[in-house]
Amino acid sequence: MIPYARHQITEDDLAAVLDALQSGWLTTGPLVEAFEGAVCEATGASHGVATSSGTAALHCAMFALGIGPGDEVVVPALTFAATANCVAYMGATPVFAEVDPDTMLLDPGDVVRRITPRTRAIIAVDYAGQPCDYAALRTLAEARGLALVADACHSLGGATAEGPVGVLADVTVFSFHPAKHVTTAEGGMLVCLDPDLAARARRFRNHGIDLDARERGRRGVFAYQMTDLGFNYRLSDIHCALGLSQLKRLPGFLEDRRRAAEAYGRNLAGLARVSPLAVRPGVSHAYHLYVVRVDFQALRLDRQEAFRRLHQAGVGANVHYLPVHLHPYYRGRLGTGPGALPVTEAAYERLLSLPMFNGITRDMVERVCSAVHALETGRG
Ligand SMILES: *Cc1c(COP(=O)(O)O)cnc(C)c1O
-3 MIPYARHQIT EDDLAAVLDA LQSGWLTTGP LVEAFEGAVC EATGASHGVA TSSGTAALHC
57 AMFALGIGPG DEVVVPALTF AATANCVAYM GATPVFAEVD PDTMLLDPGD VVRRITPRTR
117 AIIAVDYAGQ PCDYAALRTL AEARGLALVA DACHSLGGAT AEGPVGVLAD VTVFSFHPAK
177 HVTTAEGGML VCLDPDLAAR ARRFRNHGID LDARERGRRG VFAYQMTDLG FNYRLSDIHC
237 ALGLSQLKRL PGFLEDRRRA AEAYGRNLAG LARVSPLAVR PGVSHAYHLY VVRVDFQALR
297 LDRQEAFRRL HQAGVGANVH YLPVHLHPYY RGRLGTGPGA LPVTEAAYER LLSLPMFNGI
357 TRDMVERVCS AVHALETGRG
């Protein structure tokens, strides 16, 4: 089976984790700061706050921006649930906006229509690894006095003409889940340019305590105070050791993924009912996912049946994502449902994610493509 995503662990990764286990620190030692520094260096950001997951980093971002009850935050409907959940965690309301059906990226024009006097922030999602139109989103956010957050869990290593993912929004969030470019098993990070915002996020990561244990040790003091209701969202030294080791291979990972995307594009170009997502001019795509749009209706093929045939052919296809407003939780809480976001819902019906991961080979891409060709020609 060629999986839709797969992590890669090398001898160097194993050695790095073993070293961490024997270093005398298990959690919140020197490797946390080292990993934060390395991610900043790779992304151009100036402050990093490592967290126990990407979701935790999103939650920290919402706290650091002061999002609270009564506030609204605009998020794309087509994303992983965590993008919206972090808003709900704060007692605020996620407001779903349409995506562009060619790129699946947040549509700035539709965001404008969703803004109310209660809106405080916009969370953009770099779907599949393609950076959003941050120039347009930033102009909009500045004009309306809103914070701009990048859920960049798909786009570590991506860039636009304005710069690398990491400096394009007020706050940027990464995930180090095994399906993502760089993994720490579970883990995430918030990066930004504003030191005060980073300090608030850092406090929220550690129960809302003003001085963490390592900082108290450094200063030789015992006293600390809890100033906010935070969480234990810390990432351990062991996890950061793995992340540091993996991050060194990020340029090669991106190369693997971009080469595979090119091969997919070439191989699928002849198909009438299967088309890759559009890539905006001038962006550097990080290809967390390789997503195609399939006209299942024209093929008279049910998506579940296509999924089954691909799996039978050894191809681990997937679908990203059920639009968040269609999940029972948000239907119940916000009264959203089918018809609320017609562009996104219609686009969702055609989505199919094909295998894409670090180390994917040309041969694997070809095997996937012949299974996709068989869908269109009705064989297999
Ligand atoms: C992976 C992901 C997250 C959450 O990351 P975790 O590390 O699994 O908590 C959030 N948003 C998007 C778009 C993601 O893909």
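Residue numbers for the sequence shown follow our numbering, so the first one is -3 and each next one is one higher. C-beta atoms are modelled at their ideal positions from N, C-alpha and C, and glycine is treated no differently.
Judged by DSSP secondary structure, THR168 falls within the beta strand (DSSP E) whose first and last residues are 167 to 171.
Under the three-state reduction of DSSP output, ALA257 falls in the helix class. Ligand 1 never approaches CYS128 closely enough for any of its heavy atoms to be under 6 Å from the residue's Cβ.
Within the same chain, ALA46, LEU231, ASP233, CYS236 come within 7 Å of VAL28 by CB-CB distance, once the 5 residues on both sides are set aside.
Under the DSSP definition of a beta bridge, LEU102 partners with VAL95. Taking all protein chains shown into account, PRO65 has fewer than 16 neighbouring C-beta atoms within 10 Å of its C-beta and is therefore exposed. Closest option to VAL91, judged by alpha-carbon separation, among THR99, VAL107, VAL178, ASP103: VAL107. The three-state reading of DSSP puts VAL161 in coil, since its state is none of H, G, I, E or B. In the structure shown, TYR220 adopts coil according to DSSP, grouped into three states. No heavy atom of ligand 1 is found nearer than 6 Å to the CB of VAL71. Minimum Cα-Cα distance from ASP122 among the listed residues ARG299, ASP291, LEU273 corresponds to LEU273. Looking only at ARG196, TYR220, ALA30, ILE111, the smallest Cα-Cα distance to GLY62 is reached by ARG196.
One Cα belongs to TYR130, the other to TYR326, and the distance between them is close to 27 Å. Here the C-alpha atom of ALA336 lies approximately 13 Å from the C-alpha atom of ARG109. Residues lining ligand 1 by the Cβ criterion, that is a Cβ closer than 6 Å to any of its heavy atoms, are SER49, GLY50, THR51, THR75, PHE76, ALA78, THR79, VAL121, ASP147, CYS149, HIS150, SER171, HIS173, GLY184 in chain order. Remark: C-beta atoms of THR340 and VAL71 do not approach each other more closely than 7 Å. By DSSP's assignment, SER241 forms no beta bridge with any residue.
No residue range can be given for HIS321, since it is assigned to no alpha helix (DSSP H) and is classified by DSSP as neither H nor E.
Residues ARG269 of the same chain have their beta carbon placed closer than 6 Å to that of ALA294, with the five preceding and five following residues left out of the count. Look at SER151 here: in three-state DSSP terms it is coil, with no helix or strand label. Taking a cut-off of 8 Å for Cβ pairs, the stretch 213 to 230 and the stretch 238 to 257 do not touch, as fewer than three such pairs fall below it. Comparing C-alpha distances from ALA265 to each of ARG253, ARG289, SER280 shows the shortest one belongs to ARG289. For MET352, no beta strand (DSSP E) encloses it, and the DSSP letter there is neither H nor E.
The shortest CA-to-CA distance from LEU136 to any of GLY125, ALA124, ALA120, ASP147 is the one to ALA120. Judged by their CB atoms, ALA257 and TYR229 are not nearer to each other than the 7 Å cut-off. Spatial neighbours of LEU297 in its own chain (CB-CB distance under 7 Å, excluding positions within 5 residues in sequence) are listed in chain order as LEU371.
Annotation for MET185: the continuous beta strand (DSSP E) segment containing it runs 184 to 188. Around the C-beta of ASP8, fewer than 16 other C-beta atoms lie within 10 Å, and the residue is accordingly described as exposed.
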